[in-house]
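Here's the structure we're looking at; comments come further down.
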Amino acid sequence: MSNVDFSVIIPTFNRSKVLVRTIEALLHQVADCDQPTPLQYEVIVVDDGSTDDTKQRVRDLQSRWSSATGEALAAGTRLHYLRQPNRKQGAARNAGAKLAQGDFLVFLGDDTIPASDFLSRHADARSARMESAPGSRLVVIGRTRWAEHLPTTRFMEYIGEQGWQFGFSLITDPEKVPFNFFYTSNLSISRRFFLESGGFDEDFQEYGWEDIELSLRLTGKGMKLVYEPAAVTWHDHPTSLRSFIRRQQKVGYSAWQFYRKHPEMAEFLGVRHARRYSWQKRFNMALLTAACSLSESRNWPDLSRYYPDLMSYYYNLGILKAREGR
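So that you can map any letter, position 125 of the sequence shown is 325 in my numbering, and since no number is skipped, the others follow by simple counting.
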């Protein structure tokens, strides 16, 4: 057992402003009075080839919180910075895990800001289930909410609950969570268990599915996935319908890669249902996209009943693009 409880790994790319807020929240974690000793943890920022001022921002935080300045970093906390060429999220998380010294890894997004008791809640979730040993196969996901200062639209509420981005309202038993809820915006896992699994598959170069593909492999190795809603992160990323449908196409593209690696997942991924659309269908969906987008931005009548059709349509476009090698 190491002398570090948690290694918090944050992959980042050109989001220096919100990254700073995420790091500062980690450096101000509060101790749980029920824990016999304060948590020892480190924060590992993996810069995936950023071209903004990410490096300088993190260096400034390191200097600010060093003992040389007379300001004490939270007891037992270290802040590390690692830079790599742009190799995408999976490779960045793997690099952080290889550097980590903690018994447990905590994965965050650079825009998912943890509540002040975030790490204590993850620790409590493990101790309550007698799963504090370094070799534990328990994986804990916490609750990710939209940041309170963001104006939350109908569309953001929809994707945050109905499974397109997160699906917390779909979890029926927090002690038996399906493998496809393996959300790396707020998750803790034994470092040993993660490394023994081989980590994230770095072949995924578009957004999406590298986390669920890992979860599938971990399930085969005996993973128990549980949900701890008290371990909260705040998602500070305003999202529009138009930006999200671009994301959906990338997710569809990655779904085809997932299928090629795991053909038995074809039905789950929906790859068999992807088909070329007629010009009339494409025209109608373009009109529907515009109408739904305007409905959100101008507070027009509610068109949210069409969201599932839009999400599926653009997801299928991504699958087709990957299948046809475009």
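From the three backbone atoms N, C-alpha and C, an ideal C-beta is built for every residue, glycine too.
Assigned exposure category for residue i - 16 Cβ within 10 Å defines buried
i: residue 302; result: buried
i: residue 469; result: buried
i: residue 207; result: buried
i: residue 205; result: buried
i: residue 271; result: Note that residue 271 scores a pLDDT of 45, beneath 50, so its modelled location is shaky; the value from the coordinates is reported in the next line. The residue is exposed, with fewer than 16 neighbouring Cβ atoms inside 10 Å.
i: residue 242; result: buried
i: residue 311; result: buried
i: residue 483; result: exposed
i: residue 457; result: buried
i: residue 224; result: exposed
i: residue 330; result: exposed
i: residue 421; result: exposed
i: residue 293; result: buried
i: residue 320; result: buried
i: residue 295; result: buried
Cβ neighbours of residue i in the same chain (closer than 8 angstroms, five flanking residues each side left out)
i: residue 387; result: 306, 307, 339, 340, 341 and 342
i: residue 214; result: 250, 251, 252 and 254
i: residue 401; result: 290, 410, 413, 414 and 461
i: residue 297; result: 207, 209, 305, 391, 394, 395 and 399
i: residue 286; result: 213, 248 and 249
i: residue 261; result: 220, 223, 224, 227 and 279
Residues sharing a beta bridge with residue i, DSSP
i: residue 281; result: 245
i: residue 386; result: 308
i: residue 471; result: The partner list for residue 471 (beta bridge, DSSP) is empty, contrary to what the question assumes.
i: residue 314; result: 433
i: residue 425; result: 339
For residue i, three-class secondary structure by DSSP
i: residue 432; result: strand
i: residue 412; result: helix
i: residue 208; result: strand
i: residue 420; result: helix
i: residue 377; result: coil
i: residue 342; result: strand
i: residue 451; result: helix
i: residue 514; result: helix
i: residue 330; result: coil
i: residue 371; result: coil
Same chain, Cβ closer than 6 angstroms to residue i, five either side skipped, listed in chain order
i: residue 425; result: 339 and 377
i: residue 210; result: 245, 308 and 310
i: residue 258; result: 245 and 281
i: residue 466; result: 459 and 472
i: residue 364; result: 511
i: residue 322; result: 340, 388 and 431
i: residue 442; result: 493
Cβ neighbours of residue i in the same chain (closer than 7 angstroms, five flanking residues each side left out)
i: residue 541; result: Only positions 201 to 526 of the chain appear in this structure, which leaves residue 541 out of reach.
i: residue 299; result: 244, 280 and 282
i: residue 360; result: 346 and 366
Short CB-CB distance (under 9 angstroms) between residue i and chain C
i: residue 312; result: Here chain C cannot be found, since the structure has a single protein chain.
message: For the structure I just gave you, are there three or more beta carbon pairs, one from the stretch 400-417 and one from the stretch 342-357, closer than 8 angstroms?
response: no
- prompt: Given 8 angstroms as the limit, is there contact between the stretch 420-430 and the stretch 496-508, that is, 3 or more CB pairs closer than that?
  reply: Contact fails: fewer than three Cβ-Cβ distances are below 8 angstroms.
query: Should the stretch 440-450 be called in touch with the stretch 238-252, which here means at least 3 C-beta pairs below 8 angstroms?
result: no
field: Cβ contact check for the stretch 390-410 and the stretch 370-379: 3 or more pairs under 8 angstroms
entry: No: the two stretches stay apart, fewer than three of their Cβ pairs being nearer than 8 angstroms.
task: Indicate whether the contact test is met: 3 or more Cβ pairs, each with one atom in the stretch 250-261 and one in the stretch 345-353, closer than 8 angstroms.
output: no
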